[in-house]
Structures are given as C-alpha cells and as structure tokens.
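Engineer: Handing you a structure now.
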Amino acid sequence: MLNINPKPYMEINTSEEVCKGDNSYTLNTSPNPEVDYYQNVLWYVKSGNGIVEESTKTSLTPTYIPAANETGDVIITLTYDAVGECTFSSFIDYTLRIVDEPSVSLEPLSGQMFACNDDDYVLIQGTTSNSSKVSFSTVNTAGTFYTDIDLTIESSELNLNGDEGEVFKIYFQPTNEDKESGSVDVIVTAEPIGVNCPQNAIDVVNIEFNLAPIVDAGPEEIFVCDDSPVIILENAIVSNEVSFAWSTTGSGTFEGDPSTEPIFLQSLI
35 MLNINPKPYM EINTSEEVCK GDNSYTLNTS PNPEVDYYQN VLWYVKSGNG
85 IVEESTKTSL TPTYIPAANE TGDVIITLTY DAVGECTFSS FIDYTLRIVD
135 EPSVSLEPLS GQMFACNDDD YVLIQGTTSN SSKVSFSTVN TAGTFYTDID
185 LTIESSELNL NGDEGEVFKI YFQPTNEDKE SGSVDVIVTA EPIGVNCPQN
235 AIDVVNIEFN LAPIVDAGPE EIFVCDDSPV IILENAIVSN EVSFAWSTTG
285 SGTFEGDPST EPIFLQSLI
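In the numbering used here, each residue's number is its place in the sequence shown (first place is 1) plus 34.
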C-alpha cells in the first residue's frame, strides 16, 4: 500500500507593530492561523538584537525579548518540517516593528520667547521624533496659526514623516488682546507614529510681548565750529529699550555713553 503524506501547510499573520517599552512581546500569529501536516517548529532571530525566549521557540506564538532600547524592524523566522517520510522543509519570516514613543521639544529650551507688539507673527519651531503629526493650540486666546511666512495658509497642524530629530516650524499671529495681556502660552502636541503607542508628547512655550523700542537722536543737524572739540548732544529720546549705544561714521569718540545727552569729542586731525 502506498501512503502519500500531504505537504505541510501553514498560513499565519506575518507582521505586527508594537510600542517600545515592554520587556517582551508575544508574536500575534493568530487569531486564525491555518496550519496542518507540520512538525519541528523552531523560531530564530534573523535580524534584530534581541532573542526568542527559549521556552517558546517551538511554539506557534513565541515571545521575543528585545535588546535594551531596541526599535525598528525585527525579522523573526519560523522554520518547520513536513510530517512522515517527507523531507520537505519551509520557513516564514515574521516582521515585528518596534516603534518608539513620540517626543517633542520647542525652541528655546528655556520655554520662554520674546516678541515685539508690532510684530506681524511669531515664528515657533522645534524638533520631534517618532511623530506623524504635531498640532498647536493656545489657552484663552484667539490667535491664528499659519504654515507659511506670508500668513495665507491657515492651519494648526503639520503632518510629519516620523523621523528622528525632524524639524518643524509654524507661524503664530497673535490678536491685539493677546498682546495687551502681555503673554500667551503655545502648546504643541506630537502624536505617535505607531498606532499602538497611545501616549502623545507635549511641550509648551510662553511668548511674552514687549513694546517696540523708540529712539530719537534729537536734531538731525547740529552746526558747530570746526575747531570746537566738544559737542554736547541733547534732546535724544530712548524708551522700551534693554540697552542702547551711540556710534559715528567719523573718527570721534563719545563720553558718557550710554546717555541721552552724551558728549561727542570730535577728531581735529
């Protein structure tokens, strides 16, 4: 009598995406694996830095133990043999994608920005990793976000590639009420690129609005004798400044600078 052993058959799920952070991952080869006429199941790591847990290497649902901080695609290969006298063997590659949680950082790192009241917009920029999208919001303000410097494309969201250290920027146009209040908090939320990473990343920057500096050097022309070495500059006005200084296109020098009434010593050479 001739006994014909059927060819082994195995159809399982071959990919999965998980979020970094767990100590181990049991491969989701089910829920409905279709397998028959097989034996000698064995899993091994084809590409990756972790290991397959020893006690699960011969199971259809093995457990992968990642290396420290491991992310990216891990290829774990399943090998199996035919039953009976058949010498047929085959394999299936299983891709386990380990995705890191998102991170986001606004500039400057101090979380404090300064803008003039007469600025049309405030440039907000930063970096993010492992994020598919960043969104921007404010608290108790009606300011508007734009994706272009001309302030024509209104949007409070930016789609990203999910790369490490991906740079983003957006333009915030504050309202007059924002400026009068003195400051605004802008919140950026980075969404995870991995569907199984539920945690968003958040950062906040405070924008403080200041009055623009005002300066008036006084009379546009002063007439003096060419042999007079000392000239007192008067009637200058400076306000809303952090610092100021006088300068000249000639070779003279100033005394008492910074001051709204400095003494200019002209060169007689």
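Ideal placement from N, C-alpha and C gives every residue a C-beta, glycine not left out.
Which residue's Cα is closest to the Cα of TYR128: PHE148, GLN300, PHE122, ASP107?
Structural biologist: Translated into the one-based positions of the sequence shown, residue 128 becomes position 94. Ranking the options by Cα distance to TYR128, first place goes to ASP107.
Engineer: Are there 16 or more other CB atoms within 10 angstroms of the CB of GLU198, so buried, or fewer, so exposed?
Structural biologist: Residue numbering aside, residue 198 sits at position 164 when the sequence shown is read from its first letter. Per the 10 Å Cβ criterion, exposed.
Engineer: Tell me, to the nearest whole angstrom, how far the beta carbon of ALA176 is from that of ILE241; I am working on the premise that it is less than 8 angstroms.
Structural biologist: Working through the sequence shown from its first residue, we reach residue 176 at position 142. Working through the sequence shown from its first residue, we reach residue 241 at position 207. Contact doesn't hold; Cβ gap of about 14 angstroms is too wide.
Engineer: Quick one: what's got a C-beta closer than 8 angstroms to LYS167's C-beta in the same chain, skipping five residues either side?
Structural biologist: Position 133 of the sequence shown, counted from the first residue, corresponds to residue 167. So the qualifying residues of the chain are GLU191, LEU192, ASN193, LEU194, ALA224, GLU225.
Engineer: So the alpha helix (DSSP H) ASP212 belongs to, where does it begin and stop?
Structural biologist: For the purposes of this step, residue 212 is taken as residue 178 along the sequence shown, with counting starting at 1. 210-215 is the span of the alpha helix (DSSP H), which, as asked, contains ASP212.
Engineer: What is the rounded straight-line gap between the Cα of ASP212 and the Cα of TYR155?
Structural biologist: Here residue 212 is taken as the residue at index 178 of the sequence shown, counted from 1. Here residue 155 is taken as the residue at index 121 of the sequence shown, counted from 1. Rounded to whole angstroms, ASP212 to TYR155 spans 12 angstroms at the Cα level.
Engineer: Using C-beta distances below 8 angstroms, list every residue in its chain close to GLU200, excluding the 5 sequence neighbours before and after it, in chain order.
Structural biologist: The count along the sequence shown starts at 1 and reaches residue 200 at position 166. Around GLU200: THR161, THR162, SER163, SER165, LEU194.
Engineer: Please classify PHE298 as buried or exposed, where buried requires at least 16 other C-beta atoms within 10 Å of its C-beta.
Structural biologist: Numbered from its first residue, the sequence shown carries residue 298 at position 264. Per the 10 Å Cβ criterion, buried.
Engineer: CB-CB under 6 angstroms to PRO96, same chain, minus the five flanking residues each way: which ones, in chain order?
Structural biologist: Taking the sequence shown and counting its residues from 1, one reaches residue 96 at position 62. Once the five neighbours on either side are set aside, the close Cβ partners of PRO96 are LEU61, TRP77, VAL86, THR90.
Engineer: Leaving out the 5 sequence neighbours to the left and right, which residues in its chain are closer than 7 angstroms to ALA246 when beta-carbon positions are compared?
Structural biologist: The sequence position of residue 246 within the sequence shown is 212, counting from 1. CYS150, ASN151, ASP152, ASN274, listed in sequence order.
Engineer: Taking DSSP as the reference, what is the three-state secondary structure of LYS189?
Structural biologist: For the purposes of this step, residue 189 is identified with residue 155 of the sequence shown, where counting begins at 1. Reading off the sequence, residue 189 comes out as Ser, not Lys. Here SER189 sits in coil by DSSP.
Engineer: Between the alpha carbons of GLU45 and PHE179, how many angstroms are there, rounded?
Structural biologist: Position 11 of the sequence shown, counted from the first residue, corresponds to residue 45. Position 145 of the sequence shown, counted from the first residue, corresponds to residue 179. One C-alpha to the other measures close to 50 angstroms.
Engineer: If you draw a straight line from the C-alpha of GLN146 to the C-alpha of ILE204, how long is it?
Structural biologist: The residue labelled residue 146 in the question sits at position 112 within the sequence shown. The residue labelled residue 204 in the question sits at position 170 within the sequence shown. Near 16 angstroms, if we compare the C-alpha coordinates of ILE204 and GLN146.
Engineer: Does the distance from the C-beta atom of LEU130 to that of VAL52 stay below 8 angstroms?
Structural biologist: One-based indexing of the sequence shown puts residue 130 at position 96. One-based indexing of the sequence shown puts residue 52 at position 18. Yes, these two residues count as a Cβ contact at 8 angstroms.
Engineer: Could you spell out the range, first to last residue, of the beta strand (DSSP E) harbouring SER165?
Structural biologist: For the purposes of this step, residue 165 is taken as the residue at position 131 of the sequence shown. Its beta strand (DSSP E) spans residues 165-172.
Engineer: Quick one: what does DSSP say LEU88 is sitting in, helix, strand or coil?
Structural biologist: Taking the sequence shown and counting its residues from 1, one reaches residue 88 at position 54. Checking the sequence, you will find Glu at residue 88 rather than Leu. GLU88 falls in the helix class under three-state DSSP.
Engineer: Have a look at LYS41, ILE158, VAL276, GLU268 and flag the residue whose alpha-carbon is nearest the alpha-carbon of VAL238.
Structural biologist: Looking up residue 238 in the sequence shown gives position 204. Closest option to VAL238, Cα to Cα, is ILE158.
Engineer: At 3 residues or longer, and completely inside the stretch 214-297: list those beta strand (DSSP E) runs for me, N to C.
Structural biologist: 217-226, 235-244, 248-250, 264-266, 271-273, 287-289, all fully within the stretch 214-297.
Engineer: Roughly how many angstroms lie between the CA atoms of TYR71 and VAL117, to the nearest whole one?
Structural biologist: As a working mapping, residue 71 is identified with position 37 in the sequence shown. As a working mapping, residue 117 is identified with position 83 in the sequence shown. If I take the Cα positions, the gap works out to 6 angstroms.
Engineer: In chain order, what residues of the same chain have a beta carbon less than 7 angstroms from the beta carbon of ASP219, not counting five sequence neighbours either side?
Structural biologist: For this step, residue 219 is matched to residue 185 along the sequence shown. Closer than 7 angstroms at the Cβ level, and outside the excluded window around ASP219, lie THR172, VAL173, VAL238, ASN240.
Engineer: In three-state DSSP terms, what is GLU135?
Structural biologist: The residue you call residue 135 lines up with position 101 of the sequence shown. Coil, per DSSP.
Engineer: With DSSP collapsed to three states, give me the class of ASN47.
Structural biologist: Along the sequence shown, one-based indexing puts residue 47 at 13. Residue state, collapsed to three classes: coil.
Engineer: Looking at ALA270: is its Cβ nearer than 8 angstroms to the Cβ of ASP250?
Structural biologist: Against the sequence shown, residue 270 aligns to sequence position 236. Against the sequence shown, residue 250 aligns to sequence position 216. Cβ atoms of ALA270 and ASP250: closer than 8 angstroms.
Engineer: Hey, how far is the Cα of PHE122 from the Cα of GLY82?
Structural biologist: Here residue 122 corresponds to residue number 88 of the sequence shown, with the count starting at 1. Here residue 82 corresponds to residue number 48 of the sequence shown, with the count starting at 1. The straight-line gap from Cα to Cα measures roughly 27 angstroms.
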